[in-house]
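First comes the structure, then the notes that go with it.
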Amino acid sequence: MADNRNDKELDLGKLPVFELRIPADMEFVFGVDSVHPYGEHTILAGQVFRGEIVPGAIVSYGEIGPKHVPVESFACYISSVQAPNEEKQTMEPVERVSKDSAMGGRCALVVTGREAKHFKEGGIVFARRMEK
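All residue numbers in the sequence shown are consecutive under this note's numbering, ending with 114.
As C-alpha cells, then:
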C-alpha cells in the first residue's frame, strides 16, 4: 500500500466487506472485528490502520457511509488499550498501539460508558486531525 500524503484519500483495501477510503484529515482509524460486553465496559477487538491509540483517548465510533467514507455515530472514551503478548499468549495493557506495533496493530480497545449493543462488527473507531 502506497502512503502518499498528498492524496486526499488512502485506499486500505477491504474492511470486512467495504472498500474503506480514509480522508486525509483522519489521524487515527481502527477497524472493529468483534465486540464483547465486559461488565460496565465494551471490548472492541480489531486492528489499527492509521495513527496510534493511547488509553484515555476520546474518539468517534461510526460506520462506513456513502462513498465509503467514515460517518460518526457517537463519541466514546477508551479507558484501556490491550495488545497481544506473543510470549505469554495473553492480552496485556499497553501505553500505545499503532499499525507498526506487533502483529500489525492488532489490539483491543476497552470502551467505558457504552453498552456492547451500540457497536457492531465492521464498525470503525476514528479521530480527525484537530483544526489549528
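C-beta: ideal position from N, C-alpha, C; glycine also.
Predicted, not measured: the structure shown is a model, and the values here were computed from it.
- If you check the CB distance, S61 and V30 do not come in under 7 Å.
- In this structure, the alpha-carbon of A90 lies about 6 Å from that of G28.
- Spanning the alpha carbons of R88 and K81 requires a straight line of approximately 8 Å.
- In terms of CA proximity to G86, N67 leads the group N67, I25, R110, F101.
- Within 10 angstroms of the beta-carbon of F56 lie fewer than 16 other beta-carbons, which makes it exposed.
- Between E54 and S42, the C-beta spacing is below 7 Å.
- 7 Å or more divides the Cβ of E97 from the Cβ of S16.
- DSSP places A84 inside the alpha helix (DSSP H), whose first and last residues are 84 to 87.
- In this model, V63 and P5 are separated by some 24 Å (Cα to Cα).
- Pairing V11 with R32, the inter-Cα distance amounts to about 5 Å.
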